[in-house]
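Take the sequence shown: its letters are residues 5 to 319, numbered as in our numbering.
No residue lacks a Cβ here, since even glycine has one placed at the ideal position from N, Cα and C.
Below is one structure, written out as structure tokens, with a few remarks after it.
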Amino acid sequence: MRKPMGIGIFRVLVVFTLLSSIGCAGHDILWGPEDPRYVEGDFVTVDGKKTFYIDRGNGPVVVLLHGLPLSSWEWRKFIPVLAANYRVIVPDLYGFGYSDRPRDADYSWSAYGEWLNHFLKAINVDHAVFAVTDIAGPISFELLAAHPEKVSGLVIANTWYTNEAFHMPFLLKFLKWSPTGWMGVYATNRPMVSMLGRALFADGEKSKGEFDDRVWMNVKTIQSRKILQKVLRGFQFDHQNMFRRSLQAFDGPVLLAWGEQDPIIPPENVNLFKLILPQSEIERYSDAGHFLSQEKPQDFSARILAFLNRHRDKL
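Listed below in structure tokens is the structure:
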């Protein structure tokens with residue numbers, strides 16, 4: 005009797021995931037002070053979580069929030085540019101970078117939004133301009149909805165507030181959804197991560213090297229992939245109406261910057277944001293993809309600085 009093809013494929017996937025997991029289930033410390041790539045910064049405990057952050061400069065506060073699956077490293081080239089005239093704060097979201105990655109934490113957008121509020125209180129910041137990309141968008145919109153007084157300005161780059169605006173890459177879908185979720189946790193490997201990076205850059209060659217290294221650092225252990233899976237499963241798409249209302253009510257300065265070759269959050273989103281944030285200034289990059297901060301760091305940081313300078317009296 006011939007066996008169903010689906011069973012054969014399932015067995016192949018099981019074997020593949022088991023083989024892929026060999027050597028990946030070690031301890032969960034990804035890097036630390038002994039690593040030559042360690043960045044000088046501070047730690048503060050927020051909601052019981054040890055949180056790493058970089059704090060440079062003086063003046064109106066600008067908070068740079070990283071996307072997935074990166075860390076404060078994403079904004080490394082922006083810090084010296086902006087810190088010459090502003091106080092620049094760049095935290096690692098819990099679960100990433102040097103911050104704690106608790107297994108039993110809530111990784112939903114609303115939990116991250118409240119954590120961000122408590123983080124600001126812990127470092128004595130009353131309000132700030134938020135530069136956000138990727139998942140940092142929904143997290144900052146959670147803060148804006150619950151604590152609008154905390155947000156004095158927004159720099160919005162390749163992120164979303166509506167469900168239809170976001171097209172999750174296959175690798176992340178593979179990691180997120182059951183029954184394939186457990187396969188994604190064990191099967192994800194460096195070549196797969198590198199492939200994702202190349203797909204999200206306008207020039208895929210730019211994702212090789214240090215970018216690939218940093219992404220892999222955040223997902224190279226089984227536990228770190230389980231945390232990323234929890235983050236993906238914590239996406240609260242039903243919050244889009246709340247985000248829309250809070251953004252419509254926001255009257256502070258806004259800069260919309262977009263890499264137009266982004267396959268997961270296409271440039272049409274600029275128009276969606278502009279409809280509810282009519283005061284927005286717009287910068288488009290036809291030769292950049294999802295990671296605008298990596299493909300256009302010099303130009304993007306200069307445009308953020310010019311934007312901040314134009315609106316300094318409102319920040």
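Nearest CA to the CA of residue i: which residue from the options?
i       : options                            : result
Asp-104 : Ile-83, Ser-75, Val-197, Pro-84    : Ser-75
Asn-162 : Ile-83, Ala-310, Ala-87, Pro-270   : Pro-270
Gln-244 : Val-92, Trp-113, Ala-206           : Trp-113
Phe-311 : Val-94, Gly-293, Glu-285           : Glu-285
Gly-141 : Gly-208, Gln-240, Asp-317, Gln-302 : Gln-240
Asn-167 : Leu-232, Arg-248, Tyr-57, Trp-79   : Arg-248
Gln-302 : Glu-44, Pro-84, Leu-120, Gly-71    : Pro-84
Residue i to residue j, Cα distance in whole Å?
i       : j       : result
Pro-73  : Asn-222 : 6 Å
Ala-115 : Glu-153 : 18 Å
Asp-59  : Asp-96  : 12 Å
Leu-281 : Asp-266 : 21 Å
Gly-61  : Ile-93  : 9 Å
His-315 : Ser-305 : 16 Å
Phe-82  : Lys-54  : 24 Å
Met-246 : His-151 : 13 Å
Asp-108 : Lys-230 : 11 Å
Leu-86  : Leu-69  : 14 Å
Ile-226 : Lys-318 : 45 Å
Gly-238 : Phe-56  : 22 Å
Taking Cβ to Cβ, would you say residue i is nearer than 8 Å to residue j?
i       : j       : result
Tyr-111 : Val-235 : yes
Thr-137 : Ser-297 : yes
Asp-51  : His-122 : yes
Ile-127 : Val-66  : no
Trp-220 : Arg-202 : no
With a cut-off of 8 Å on the beta carbons, I'd call residue i and residue j a contact; round off their distance for me.
i       : j       : result
Leu-251 : Tyr-165 : 7 Å
Tyr-98  : Pro-64  : So it is not a contact: roughly 26 Å between Cβ atoms.
Ile-268 : Val-159 : Incorrect: roughly 19 Å between the Cβ atoms, too far for contact.
Gly-157 : Gly-256 : 5 Å
Leu-200 : Phe-295 : So it is not a contact: roughly 11 Å between Cβ atoms.
- State whether the segment 138–147 contacts the segment 275–285, with contact taken as three or more CB pairs (one from each stretch) at a distance under 8 Å. Contact between the segment 138–147 and the segment 275–285 is absent, with fewer than three C-beta pairs closer than 8 Å.
- Are there three or more Cβ pairs, one per stretch, closer than 8 Å when the segment 213–222 is compared with the segment 130–137? Look at the beta carbons and you see the segment 213–222 not touching the segment 130–137: under three pairs across the two are nearer than 8 Å.
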